[in-house]
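So the protein sequences, as listed, match chains Z and W. Residue numbering for the first sequence is 0 to 336, as defined by numbering that gives the first Met the number 0. Residue numbering for the second sequence is 0 to 118, as defined by numbering that gives the first Met the number 0. Ideal Cβ placement from N, Cα and C applies to all residues, glycine included. Predicted model, so just to flag it, every value in this text is computed and none were measured.
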Amino acid sequence: MIKEAELRDRLQSVVCRHFGNGSRVERLRGAMGGGSNRTSFFDVVSPNGTVVPLVLRQETYATYGGPYNPFLSPEMQYRLLRIAFAAGVPVPRTYFLLDPEDGLGDGFAMERIEGETIPRKILRDPSYREALPRMAAQCGEILGRLHRIDASEVAFLAGFPESVDPIAAQRQRLDDYREAHPAVELGLRWLEENRPSASRTALVHGDFRNGNFIVGPEGIRSVLDWECCHLGSPMEDVGWLCVKSWRFGVNDKPVGGFGDREALYEAYERVSGHPVDPGQVHYWEVYGLLRWVIFNLMQSFGHVHLGRRSVVFAACGRNACEVEYDLLNLIDSGPPR
Amino acid sequence: MAQDRPTAEDLLEAVRDFLQELLPRLEGDLLFRARVSMHLLGIVAREMREGPALDAAEQERLRNLLGRDGDLDELNRTLAARIRSGALDDQRREVFDHVRRTVADKLRIVNPRYLEEGD
Chain Z
0 MIKEAELRDR
10 LQSVVCRHFG
20 NGSRVERLRG
30 AMGGGSNRTS
40 FFDVVSPNGT
50 VVPLVLRQET
60 YATYGGPYNP
70 FLSPEMQYRL
80 LRIAFAAGVP
90 VPRTYFLLDP
100 EDGLGDGFAM
110 ERIEGETIPR
120 KILRDPSYRE
130 ALPRMAAQCG
140 EILGRLHRID
150 ASEVAFLAGF
160 PESVDPIAAQ
170 RQRLDDYREA
180 HPAVELGLRW
190 LEENRPSASR
200 TALVHGDFRN
210 GNFIVGPEGI
220 RSVLDWECCH
230 LGSPMEDVGW
240 LCVKSWRFGV
250 NDKPVGGFGD
260 REALYEAYER
270 VSGHPVDPGQ
280 VHYWEVYGLL
290 RWVIFNLMQS
300 FGHVHLGRRS
310 VVFAACGRNA
320 CEVEYDLLNL
330 IDSGPPR
Chain W
0 MAQDRPTAED
10 LLEAVRDFLQ
20 ELLPRLEGDL
30 LFRARVSMHL
40 LGIVAREMRE
50 GPALDAAEQE
60 RLRNLLGRDG
70 DLDELNRTLA
80 ARIRSGALDD
90 QRREVFDHVR
100 RTVADKLRIV
110 NPRYLEEGD
């Protein structure tokens, strides 16, 4: 990645191009995320003093959608953000896509929204205490709106492995990482044998969970990380949200450690117009645990084989057994009564 | 003994203590990664202490389950392949119990508290 001074200069050119020659980049900071992607914060100040707070996302993966980086390209994320925004899903407003000639790689700029994203803070900080009981219903409403988007608007997602067959996609990824995981094999068998009958196809966020929300005292302000979107059963998103790993130790609140299933399902049904089948949610929770094991194996593979060295990625490889344990227990115990 | 003191376990503990000392001076990403690093050192210490016995027990269970010998890696690849192909479908309970036991043993090394938490 280029140094900060160069980033500032090039960003200033880009901002002039999009906002007009008098616009200034100020308070450029952040640059979080090492390796191949980076998030920076900055303000665009216009000649009359108006300030627009923005986030710059940059990514430098060579390819997208493959085994070593299954995520969507910035351009697709940008499109999805705009589609979601138009449908009334709370997401940051998008401002511009980076052009190759900008010299900043792939990426885009979007509105910066204030709030908390770290799950343990959201669950423990008194500032959010009143927000927590509302959030399961808010999730239901947001997902309800998301899943009403016509799948034809996002047909460009149809070819991705998770859109074609999510179970096969996980099996293929497992094979790509070349480690034997009998627990995951048991999970794959269970998922194959219990496949739900064909359901409707919708735009699935793919990582809708505690950890990807910007939260304020009033509740969820924004949904982040539109890198895993695909087409599939809307219950995938509902199941993923309820996966045990996202309760961060608050195990009596199945929805993200903050809420109850009833509140989530009721709001979802009200907004989407479709009923929630708890048996299907159970299925996609099992699937979610298996998928989360595999994401951890992916990070570990990057550390071991791809030079993406990091104590965090190394820990992912070992922590996967926690998720395998939850996966086996959930298969064994069946849906909650 | 082949090496001088301190023992390898003691070395790990010394590094962990140092990281613990650093924590109050760190914030954000560095603080997070320091905590993860301490977690990894704990894993190594537990693996050194308990790993060999757990591996031996796993190997024995796999030999019985699969009716063949081999190192742990080979045996687990065989188990995974047989589960996938359906070859072990008439031993589901036995296979499931073995796999859960093995995963629980991995947890004893990685995060023993997770086993105590329950649901």
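Reference Z/G338, options Z/K252, Z/D206, Z/V254 and Z/L202, closest by Cα = Because chain Z here runs from 0 to 336, residue 338 of chain Z falls outside it and cannot be looked at.
key: Limits of the alpha helix (DSSP H) - the one that Z/P181 falls within   = P181 to E192
message = Give me the subset of the region 172-183 of chain Z whose CB atoms are less than 7 Å from a CB atom of chain W, sorted by chain position.
response = A179, H180, P181 and A182
message = According to DSSP, simplified to helix, strand and coil, what is W/D118?
response = Note that W/D118 has pLDDT 47, beneath the 50 cutoff, so the model's placement of it is unreliable and no number is given.
Cα-Cα separation between Z/N36 and W/Q90, rounded to whole angstroms = 46 Å
request  = Express the C-alpha separation of W/R99 and Z/H180 in angstroms, rounding to a whole number.
outcome  = 12 Å
task = Kindly indicate if chain Z contains any beta-carbon less than 8 Å away from that of W/A79.
result = yes
message = Among Z/R78, Z/L327, Z/G29 and Z/L10, whose alpha-carbon lies nearest the alpha-carbon of Z/N20?
response = Z/L10
request  = Would you check if the distance between the CB atom of Z/I293 and the CB atom of Z/R172 is smaller than 8 Å?
outcome  = yes
query = Taking all protein chains shown into account, do 16 or more other C-beta atoms lie within 10 angstroms of the C-beta of W/S84, making it buried, or fewer, making it exposed?
reply = exposed
ask   = According to DSSP, is Z/A201 helix, strand or coil?
value = strand
query = Hey, does Z/E113 have any beta-carbon neighbour from chain W nearer than 8 Å?
reply = no
Boundaries (first-last residue) of the alpha helix (DSSP H) holding Z/A262 = R260 to S271
request  = Flag Z/G19 as yes when its Cβ comes closer than 7 Å to any non-hydrogen atom of the ligand GTP, and as no otherwise.
outcome  = Summarising the ligand content, the structure contains no ligands, and the ligand GTP is consequently not present.
query = Roughly how many angstroms separate the alpha carbons of Z/I117 and W/G66, rounded to a whole number?
reply = 48 Å
message = Under 8 Å: do the region 182-197 of chain Z and the region 280-289 of chain Z share three or more Cβ pairs, one atom per stretch?
response = yes
query = Does any residue of chain Z bring its CB to less than 8 Å from the CB of W/A44?
reply = no
key: Unbroken beta strand (DSSP E) run spanning W/L21, endpoints   = Careful: W/L21 lies outside any beta strand (DSSP E), inside the alpha helix (DSSP H) at A7 to L21.
request  = Check whether the region 132-141 of chain Z touches the region 30-39 of chain W, taking contact to mean three or more Cβ pairs, one atom from each stretch, closer than 8 Å.
outcome  = no
request  = Give the interface partners of W/A103 over in chain Z, defined as CB-CB distance under 8 Å, in chain order.
outcome  = Y324
key: 8 Å Cβ cutoff met for Z/P216 and Z/S151   = no
key: Contact set for W/D118: own chain, Cβ-Cβ below 7 Å, skip 5 residues either direction   = Reliability of the predicted coordinates at W/D118 is poor, the pLDDT of 47 falling under 50, and no value is obtained from them.
message = I need the straight-line Cα distance from Z/E265 to Z/D149, nearest angstrom please.
response = 22 Å
request  = Tell me Z/N36's beta-bridge partners as DSSP assigns them.
outcome  = Z/E58
ask   = What residues from chain Z crowd round W/L39, counting only those whose CB sits closer than 8 Å?
value = V310, A313, A314 and R317
ask   = Which one or two residues does DSSP pair with W/A1 in a beta bridge?
value = Its beta-bridge partners do not exist; DSSP assigns none.
query = Any Cβ of chain Z within less than 8 Å of the Cβ of W/R83?
reply = yes
ask   = Roughly how far, in whole angstroms, is the beta-carbon of Z/V43 from the beta-carbon of Z/V51, given that I think they are within contact range, below 8 Å?
value = 4 Å
ask   = Does DSSP put Z/T93 in a helix, a strand or coil?
value = strand
message = Distance cutoff 8 Å, beta carbons only. Does W/D118 sit that close to anything in chain Z?
response = Because the pLDDT at W/D118 is just 47, under 50, the model does not fix this residue reliably, and the value given afterwards should be weighed accordingly. Yes - at least one Cβ of chain Z is within 8 Å of the one on W/D118.
query = Hey, quick one: how far does the beta strand (DSSP E) through Z/H229 stretch, first residue to last?
reply = H229 to G231
ask   = Between which two residues does the beta strand (DSSP E) harbouring Z/S221 extend?
value = G218 to V222
task = Would you verify that the beta carbon of W/F95 is, or is not, closer than 8 Å to some beta carbon of chain Z?
result = yes
message = Rounding to the nearest angstrom, what Cα-Cα distance links Z/R92 and W/M47 in this structure?
response = 51 Å
task = Under 7 Å between beta-carbons, which chain Z residues line up against W/R76? List them in chain order, please.
result = A179
Neighbour list for W/N63 in chain Z, Cβ cutoff strictly below 7 Å = Those within 7 Å of W/N63 in chain Z number zero; the least Cβ separation is about 15 Å.
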